[in-house]
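Notes to accompany the following structure.
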Amino acid sequence: MGTTSSLDYSSQLTISPPYLSAPTIHRLPPELLTRILKLTGDSLNSAAARHDLLKACSLVSRAWRDVAQKEVFRQIAFAGSINLGRFLKLLRTTEGVGGWVLELDVSWPLWRRGAEESLVEIVHRCDNVRRLRMAAVDQLPLFEVAVGSALRFMSLEDCTILKPRGPYPAPTVEHLSLTASAILGLKSPNDPLPLGSMPSVRALSVTGKLKPTNWRPPLYPGVSESSVHPLEAIPTHLCPKLVSCFGERLEILSLDRHHIATFLATLDEDIPLRLFNLDVEADPPLADFEWGSLISEALSLLGSRPSPPPLLRLPAHITVLEILLSCLISIDPPPILNDLRVLSLSPPSSARDLSLYSSPTCMQLEEECKSRGIELVLEYGSNSSGSPFVVEGFWSFVRRVERGEFDLRGEKDGKREARETRGC
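As numbered in full-length UniProt numbering, residues 1 to 424 make up the sequence shown, in order.
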């Protein structure tokens with residue numbers, strides 16, 4: 001009896017699956033482990049949490065440690081000279097850390113001596129950065145930080161951009177977002193913009209109301225305040241000029257209502273544009289805004305562009321819907337659009353939005369768009385952070401393009417025939 005029991009026990013040991021016999025969790029594929037670590041999400045916001053994760057993974061195996069290192073340093077955000085100094089020290093003493101950083105977020109006035117040089121060194125050491133965000137940087141040497149062959153996305157918020165102080169390689173930035181920023185060193189509106197030396201930009205977002213600049217930069221003690229121009233200070237010249245810097249390679253354009261009106265009114269017909277997406281931001285009230293001419297000019301601008309038809313995004317308001325309907329009916333030839341997006345800042349439960357989207361005007365607009373092969377999309381957004389929703393829409397659209405949901409150079413299925421019919 002005892003022998004039989006021993007044999008049975010041995011058989012059970014023999015046929016036991018390998019994953020039950022010994023711990024093999026350290027043999028997980030790196031792709032699966034990376035996915036697991038990404039699920040930690042916001043838990044890695046603090047430095048202590050990142051340290052604990054790295055320490056725990058190091059106790060499992062070297063493979064876990066290597067994957068954890070890349071995930072911990074994938075997205076770095078810091079503010080202030082102390083954090084920047086510590087991170088720079090880490091980059092200098094630990095080989096390979098800079099290559100793990102894919103997203104870098106810096107919020108810091110560069111007032112302290114040597115701060116600008118430290119920032120430039122950090123960006124150069126993090127040579128694999130794909131997304132770079134700068135906020136409240138008062139002396140931003142743009143072409144010294146816009147380096148790295150992997151850099152594609154750059155966001156500047158409340159920054160003062162210095163003119164190039166020497167020849168630099170052309171940045172590879174494709175998506176540029178400017179919010180309430182200024183350019184230092186312009187003596188007149190006719191001076192060339194330094195941003196024009198970014199040949200890869202195809203998506204541009206410009207937001208922010210007129211913001212007086214009273215700061216006198218310490219590096220340029222002889223420069224008068226009149227040479228520090230917010231991008232909105234001379235909109236008649238700078239806004240179209242900024243867009244014309246990128247010419248026909250610009251495909252996605254997002255402007256707030258202060259920029260879009262001047263842009264459309266002063267745009268030179270000789271400026272080559274090939275826009276595929278136009279975002280218009282506006283906060284209520286809208287009663288004092290000339291939506292009639294703006295929408296008419298926007299539709300004409302986009303409708304005259306070569307295929308594929310562009311996308312137009314406008315804020316949700318009964319006046320906007322009425323003018324849209326009127327323009328679609330009256331413009332001859334009718335504009336050829338791919339999508340027409342109306343975005344509301346209110347939550348979907350808002351009584352105002354429910355009444356707006358169920359109004360006869362909205363229903364008639366839907367029918368008119370349908371008859372012309374235009375996809376009308378009613379969206380809901382959020383503006384709780386106080387930032388213009390056009391920036392959210394801008395990056396949202398960029399993400400859609402990256403995921404292949406909207407082909408800028410192709411055509412959406414089911415609409416080719418409708419457009420060809422209208423063109424006959």
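All C-beta atoms in this analysis are idealised placements derived from N, C-alpha and C, irrespective of residue type, glycine included.
Query	Result
Cβ-based neighbour list, G99, same chain, cut-off 6 Å, excluding 5 preceding and 5 following	N128
Through-space distance from S205 to E232, alpha-carbon basis	Reliability of the predicted coordinates at E232 is poor, the pLDDT of 44 falling under 50, and the value obtained from them is presented with this limitation in mind. Cα to Cα, E232 sits roughly 13 Å from S205.
Exposure of residue 427, with buried meaning 16 or more beta-carbon neighbours within 10 Å	With the chain covering only 1 through 424, there is no way to say anything about residue 427.
Per-residue DSSP class, three states only, for I183	strand
Distance between beta carbons of R65 and C57, contact taken as under 8 Å	5 Å
Expected contact under 8 Å - CB spacing of V97 and L91 to nearest Å	6 Å
Spatial distance of K70 from A203 (CA atoms)	29 Å
Secondary structure of K241, DSSP reduced to three states	helix
Same chain, Cβ closer than 7 Å to L33, five either side skipped, listed in chain order	W64, V67
Proximity test, Cβ basis, 7 Å: S358 and chain C	Within the model displayed, chain C is absent; a lone protein chain is all it includes.
CB of R125 within 7 Å of CB of R152, strictly	no
Straight-line Cα distance separating A298 from E322	15 Å
Residue of H259, C369, V145, P171 minimising C-alpha distance to S197	P171
Sequence-distant residues of its chain with Cβ nearer than 8 Å to S21 (five each side left out)	Bear in mind that a pLDDT of 44 at S21, under 50, signals an unreliable position, so the model cannot answer this.
Other residues of its chain near G148: CB distance less than 6 Å, five sequence neighbours each side excluded	D127, V129
Start and end residues, beta strand (DSSP E) containing S254	252-256
Residue burial classification, I76 (beta-carbon count within 10 angstroms, cutoff 16)	buried
Boundaries (first-last residue) of the beta strand (DSSP E) holding A150	Here A150 belongs to no beta strand (DSSP E), and DSSP marks it neither H nor E.
Nearest-angstrom Cα separation, counted from V101 out to residue 425	The requested residue 425 is not part of the displayed model; the chain covers only 1 to 424.
Selected residue, minimal CA-CA separation from C362, among L250, L184, L325	L325
Closest residue to C159 among L184, H175, S371, E174 (Cα-Cα distance)	L184
Contact set for Y168: own chain, Cβ-Cβ below 6 Å, skip 5 residues either direction	F143
C-alpha gap between Y220 and F246, whole angstroms	Confidence at Y220 is low in this model, with a pLDDT of 40, below 50, so its placement is unreliable and the value that follows should be read with caution. Approximately 29 Å, taken between the alpha carbons.
CA-to-CA distance, A79 to S371, given in whole angstroms	52 Å
Spatial neighbours of P194 in its chain, beta-carbon cut-off 6 Å, leaving aside the 5 residues before and after	K163, P164
For M134, the first and last residue of its enclosing beta strand (DSSP E)	131-135
Residue burial classification, E116 (beta-carbon count within 10 angstroms, cutoff 16)	buried
Pairwise C-alpha distance: V123 and P141	11 Å
Ordered list of beta strand (DSSP E) runs contained in the region 66-125, each at least 3 residues	75-79, 103-107
Coarse secondary structure for V173, derived from DSSP in three states	coil
Continuous beta strand (DSSP E) stretch holding L204: start and end	203-207
Range of the contiguous alpha helix (DSSP H) that encloses E368	360-371
Start-to-end residues for the alpha helix (DSSP H) that takes in I36	30-38
Given L132 as reference, the closest of S118, W108, L104 once Cα atoms are compared	L104
Presumed contact (8 Å Cβ cut-off) between I161 and S181, rounded CB distance	6 Å
Under 7 Å between C-beta atoms of S107 and L84	no
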